[in-house]
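First comes the structure, then the notes that go with it.
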Amino acid sequence: MLRPDHSPVKPPKSAKPDKSAKLAKPDKSEEARPEAPSPRQTVLRRGLQAHTDFLSFATRRFGNIARLWFVMDPEENMKLANKQFVRGCEEIGFSGCLTTLWRQLDHDGSGYIALGDIDPQVALQLADLKVLLSQEFEGSADKFMKSVDLKGSHRVNKDEFVRAMDTLKCPAGSSRRLFDLLCRCNCTTISVKDLLFLQRWSPPPYYFVCGDLRLLSSFRSALAELHGSALRAWFRLWDPDRLFRVSWFRFRLGVANIARRHGGLPNMEEDTAKVWRTMDEECFGWATLRTFHPEAFEAAARLKRWATVSHGSVAKFIASVLKKLESQGLRLSKSVFRKVLMDEELLPKEAADLLFEGLDVDEHGVLAEQDVRCLDKWDLVFEEEAQARRVHVGTSSSPKRQGL
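Residue numbers (the working numbering): 118 to 521.
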């Protein structure tokens, strides 16, 4: 093993709506219906489907995503700009919606995508080989090939490659898969030229670390001390548009900007990478509120599910509460918000307070209708589909995928 193995960090399953909750129902004359998906929601779902379709097409056409990548990136820059990607898709005959696909892959809006944006599991396997070269062969692809090419033919077939990797304590199954990734033309041998890209490639640092739940917990505590709430910090630092997801690029910048102001925050890139890997176990390059703060996710999701069914939207539910409070000369403060949700047996005190503090981003001390509209725009269907994909990737991959 190149790096210590560890079990995937799996957040708790989403809580089902409490059927026994005695929540106020709207008047029959104003019976609310769940709102149709917003444009943002449908875009997210189309993007996920476009990515799935692209992976299926590429696997059928090329056998694996590494072969596809090097067809599109023959100069081995290990990144693709939009125009190059679109041209490559057209040349290989992919007929899906390229605008939707690009928006899904370029999740940080950088204008470039990497191999890991298309298939993180393939990128992880190749990154493991890069680690092996660094640890055993001074990072030299030539030295590695010389140790594998015992016949001096400058070419190595699959059996020779697997035997050589076996001496390096690498599982045979992973070695065979790795050979297929390196064998770009679906031929029977590889040469040193097929490995030279590893010397230039710089994968993100979270590829090379294990997640650390305790580090993430202390990180959340430090954020809560600094911002009054870890959920509020999430929205302030990384998710100002309240999309309930964040990219590695934005997360790293946010941590770097505040680390010097608080001792409990990661002040080294390795620690930042460990926190990220805890949230993004499968290395998709983006993380969600579910993995950053499971309790906050469950509180927000439960309120959204119930309010959507009972009132049509969270905003409509809050509007009805505000109308009653206005007649009493009251505002929707934390204590009132907590009492409303607890009286209706929707959320316990701690969860209600956590949700209020997060939604009250600007610390006004009260909530208005516009403060909860983000919950209505939040696409939980997409969230569940994306989570299912993460779970599928984690369970279908070898438990030793982080070490060859």
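Beta carbons: idealized from backbone N, C-alpha and C, even for Gly. All values derive from a computational prediction rather than experimental measurement.
Residue state for Thr306 is assigned as strand, using DSSP reduced to three classes.
Around the C-beta of Thr395, 16 or more other C-beta atoms lie within 10 Å, and the residue is accordingly described as buried. In terms of Cα proximity to Val160, the closest of Ser270, Thr216, Thr176, Phe434 is Thr216. Less than 8 Å separates the beta-carbon of Leu406 from that of Ala413. Setting aside the 5 residues that flank it on each side, Cys214 is surrounded in the same chain by Arg163, Ala167, each with a C-beta closer than 8 Å to its C-beta; the list follows chain order. Inclusion of Ser292 and Phe314 in the CB contact set at 8 Å is not warranted, their separation being larger than that value.
Distances from the CA of Pro411 to each of Asp496, Leu471, Met459 were compared; the closest alpha carbon is that of Leu471. Contact check for Leu185 against Tyr229 fails: the beta carbons are separated by 8 Å or more. The DSSP assignment places 386–396, 406–409 as complete runs of the alpha helix (DSSP H) inside the stretch 374–426, in order along the chain (cut-off: 4 residues). Linking Val273 to Cys300 through their CA atoms gives a straight-line distance of about 10 Å. The residues Gly345, Ser346, Leu348, Arg349, Lys451, in chain order, have a CB closer than 8 Å to that of Glu474 in the same chain once the five nearest residues on each side in sequence are set aside. Judged by their CB atoms, Ala432 and Asp358 are not nearer to each other than the 8 Å cut-off. For Lys466 and Asp460, the gap between their C-alpha atoms comes out near 10 Å.
Here the stretch 165–179 makes contact with the stretch 499–509; the two share three or more CB pairs at distances below 8 Å. Look at Val326 here: in three-state DSSP terms it is coil, with no helix or strand label. The DSSP-derived three-state label of Ala198 is strand. Boundaries for Ser270: no beta strand (DSSP E) harbours it, and the DSSP string shows neither H nor E there. DSSP lists Leu197 as the beta-bridge partner residues of Ile230. Of Cys491, Asp259, Phe401, Thr389, the smallest CA-CA separation from Asp329 is found for Thr389. Between Gly226 and the set Asn199, Leu447, Ala240, the nearest pair of CA atoms involves Asn199. For Val363, the uninterrupted beta strand (DSSP E) run begins and ends at 362–364, by DSSP. The three-state reading of DSSP puts Val478 in coil, since its state is none of H, G, I, E or B. Of Glu193, Pro237, Glu500, the smallest CA-CA separation from Glu399 is found for Pro237. If you compare the alpha carbons of Ser308, Leu370, Asp477 with that of Gly269, the shortest gap goes to Ser308.
With fewer than 16 other beta carbons inside 10 angstroms of its own, Leu447 counts as exposed. When the Cα atoms are used, Arg178 and Gly371 turn out to be separated by approximately 40 Å. DSSP places Ser292 in the helix class (H, G or I) of the three-state scheme.
Under the DSSP assignment, Leu458 falls in the alpha helix (DSSP H) whose first and last residues are 451–460. Inter-segment contact for the stretch 205–213 and the stretch 247–264 is absent: fewer than three beta-carbon pairs are separated by less than 8 Å. Using a Cβ distance threshold of 8 Å, Ala404 and Arg362 count as a contacting pair. Excluding five sequence positions before and after Thr305, the CB atoms of its chain that fall closer than 6 Å to its own CB belong to Asn274, given in chain order. Boundaries of the alpha helix (DSSP H) harbouring Asp245: 237–253, taken from the DSSP string. At a Cβ-Cβ threshold of 8 Å, Tyr324 and Trp393 do not count as neighbours.
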